[in-house]
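Residue numbers (this note's numbering): 25 to 102.
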């Protein structure tokens, strides 16, 4: 990514900012702008836990973890 950083934390913050900029540059729609209702969040979290790719996540994810990701994405916090 060509990002210079002094510490791991600094590098992580700069990487997050670079990904956010990329999302804007490619006009990636916000999760909240999609046809998803908040009443569907629990179903989405359950489906995510059951998805085969969950097993290969570097960090174990529970339904509650997926709910937090979904809620934060919808609120624009990710």
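We put the CB at the ideal spot given by N, CA and C, even for glycine.
Nearest to residue i (by Cα), restricted to the options the options
i	options	result
residue 100	54, 60 and 61	54
residue 67	102, 94, 39 and 44	94
C-alpha gap between residue i and residue j, whole angstroms
i	j	result
residue 86	residue 98	18 Å
residue 73	residue 60	18 Å
residue 42	residue 35	10 Å
Sequence-distant residues of its chain with Cβ nearer than 6 Å to residue i (five each side left out)
i	result
residue 76	none
residue 102	96
Residues near residue i in its chain [Cβ-Cβ closer than 7 Å; skip 5 each side]
i	result
residue 69	87, 90, 91 and 94
Please give the ranges of any alpha helix (DSSP H) in the segment 44-80, keeping only runs that are unbroken, at least 4 residues long and fully inside the region. 65-74
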